[in-house]
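Novice: Sharing a structure below in structure tokens format, with a few things to ask.
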Amino acid sequence: MAKKEEKNKEDCFVIMPISDVEGYESGHFSRVYRDLIIPAIESSNYNPIRSDEVKQTNLIHLDILQKLIDAPMAVCDLSTRNPNVLFELGIRQAFDKPVVLIQEEGTPKIFDIDGLRTLRYSKHMRYHEVLNSQSELSESITATKKAINEKGNINSIIRLLGLNAPAKVPLIEDGNKNSLEIKVIQNQLSDLKKMLEINYLTEEEGRKNDYIVLEHRRILRQFEKLKKLSIDFPKEAIQDEFSEIMSDLMKLVDQCDDNLNREIIFRLIKKVDDFYYDYLNNYSGKAKN
């Protein structure tokens with residue numbers, strides 16, 4: 002009977018460090034998961050699930066990603082500020098899905114956003130401390146569930162920053178699974194490339210620049226590369242690159258509150274648009290010949 006009830010529970014996806022971390026005893030985060038997180042989730046009437054447990058079912062990376070997005074609830078442990086943890090949390094937040102944030106006492110603040118709540122627990126994991134943290138985490142999960150449809154009461158970066166809309170979950174079927182996996186990887190590499198380029202520009206200047214200026218410069222470089230690539234690259238690749246540049250520029254416009262910078266960005270938008278218009282006309286002429 003107990004197993005049947007467990008199957009009927011909704012999933013709570015756990016985002017946390019999985020491997021051993023330098024500076025911690027071996028198996029530390031396994032104990033955090035087993036002794037603190039699992040009991041709290043189960044007492045909140047959810048079924049705990051972690052990415053390494055999903056992998057044991059021989060599902061591919063995209064299926065794990067789908068579970069991360071689709072799970073009705075999630076708990077994220079920010080301790081150690083693990084890059085994989087932050088990446089998975091970023092995906093979860095992009096889709097505006099409920100998540101309870103926890104971290105060890107002493108972990109430096111990661112998000113400087115008013116209203117984003119984080120539950121702290123003791124690194125030492127003493128018995129009475131674990132019991133208190135279990136209770137607090139269970140209460141936070143229950144409160145987050147109740148607050149899902151309340152506008153100001155959920156740990157949502159999308160809502161706290163007043164962003165227009167969350168990302169939409171793509172329909173994953175056997176026929177499009179491989180192409181979606183490739184798209185996910187491409188997007189990850191694209192984001193990493195942008196970060197590296199901005200870091201490079203910052204170092205090149207020798208001082209910390211305004212993000213708007215750096216991002217404009219990065220996109221301008223990307224546009225210059227696009228013009229060179231347009232000679233030999235296939236049309237589909239140029240279209241994708243053009244779409245990415247225009248998307249980045251429109252996001253930059255939304256983030257910019259300075260009229261002079263906005264005017265500079267709009268000029269670049271016009272240049273990119275004019276280039277693509279000429280490219281399509283020339284491509285059409287070549288196709289006819």
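Those letters in the sequence shown? Residues 2 to 290, per the working numbering, in order.
Where is the CB? At the ideal position from N, CA and C, for every residue including glycine.
Would the region 99 to 108 count as touching the region 78 to 85 if we require 3 or more Cβ pairs under 8 Å?
Specialist: Touching, per the Cβ criterion.
Novice: Give the DSSP bridge partners of Pro-49, in chain order.
Specialist: Looking at the DSSP assignment, Pro-49 forms a beta bridge with Cys-13.
Novice: Tell me which residues share the same chain as His-32 and place their Cβ nearer than 7 Å to its Cβ, disregarding the 5 neighbours each side in the sequence.
Specialist: As written in the sequence, residue 32 is Arg, which differs from the His given in the question. For Arg-32, where only same-chain residues beyond five positions count, the Cβ hits under 7 Å are Met-126.
Novice: Could you name each continuous alpha helix (DSSP H) segment of 4 residues or more that falls completely within the region 18 to 48, going from the start of the chain to the end?
Specialist: Whole alpha helix (DSSP H) segments, 4+ residues: 29 to 32, 39 to 44.
Novice: Determine contact between the region 136 to 143 and the region 35 to 48, defined as no fewer than three beta-carbon pairs at a distance below 8 Å.
Specialist: At 8 Å Cβ cutoff, the stretches touch.
Novice: Hey, Ile-65 and Arg-93: beta-carbon distance below 8 Å or not?
Specialist: For Ile-65 and Arg-93, no; Cβs fall outside 8 Å.
Novice: Taking just the CA atoms, how far does Asp-21 sit from Ser-27?
Specialist: Rounded to whole angstroms, Ser-27 to Asp-21 spans 6 Å at the Cα level.
Novice: Suppose contacts are defined by Cβ-Cβ distances below 8 Å. Is Ile-42 in contact with Val-86 by that definition?
Specialist: Going by C-beta atoms, Ile-42 is not nearer than 8 Å to Val-86.
Novice: Quick check on Val-76: does DSSP put it in helix, strand or coil?
Specialist: Strand, per DSSP.
Novice: Tell me which residue opens and which closes the alpha helix (DSSP H) that Leu-230 is part of.
Specialist: Residues 212 to 230.
Novice: Do Val-273 and Met-251 have their C-beta atoms closer together than 8 Å?
Specialist: For Val-273 and Met-251, no; Cβs fall outside 8 Å.
Novice: For the pair the region 276 to 285 and the region 231 to 246, tell me if three or more CB-CB distances fall below 8 Å.
Specialist: Because the criterion of three Cβ pairs below 8 Å is met, the region 276 to 285 and the region 231 to 246 touch.
Novice: Using the three-state DSSP reduction, which class does Ile-103 fall into: helix, strand or coil?
Specialist: Three-state result, Ile-103: strand.
Novice: Evaluate Glu-225 with the Cβ neighbour count: other Cβ atoms within 10 Å of its Cβ, from every protein chain shown; 16 or more gives buried, anything less gives exposed.
Specialist: The residue is exposed, with fewer than 16 neighbouring Cβ atoms inside 10 Å.
Novice: So Leu-90 and Val-76 are supposed to be a Cβ contact under 8 Å. How far apart are they, rounded?
Specialist: Not confirmed; about 11 Å, so no contact.
Novice: By DSSP, does Arg-127 sit in helix, in strand, or in coil?
Specialist: In this structure, Arg-127 counts as coil in the three-state DSSP scheme.
Novice: Identify whether Glu-206 lies in helix, strand or coil by the three-state DSSP scheme.
Specialist: Any reading at Glu-206 is ruled out, since the residue's pLDDT is 48, under 50, leaving its predicted position unreliable.
Novice: What residue range is occupied by the uninterrupted alpha helix (DSSP H) comprising Arg-1?
Specialist: What is shown of the chain runs 2 to 290, which leaves residue 1 out entirely.
Novice: So which of Phe-14, Gln-135, Ser-231 has the shortest CA-CA distance to Asn-282?
Specialist: Here the closest residue by C-alpha is Ser-231.
Novice: Considering only their Cβ atoms, is the gap separating Tyr-122 from Leu-37 smaller than 8 Å?
Specialist: It is a contact, given that the beta carbons lie within the stated cut-off.
Novice: Would you kindly check if the distance between the Cβ of Ile-265 and the Cβ of His-217 is under 8 Å?
Specialist: Going by C-beta atoms, His-217 is nearer than 8 Å to Ile-265.
Novice: Find out if the Cβ-Cβ distance for the pair Ala-72, Phe-14 is shorter than 8 Å.
Specialist: It is a contact, given that the beta carbons lie within the stated cut-off.
Novice: Under the rule that 16 or more other beta-carbon atoms within 10 Å means buried, what is Pro-109, buried or exposed?
Specialist: Under this definition Pro-109 is an exposed residue.
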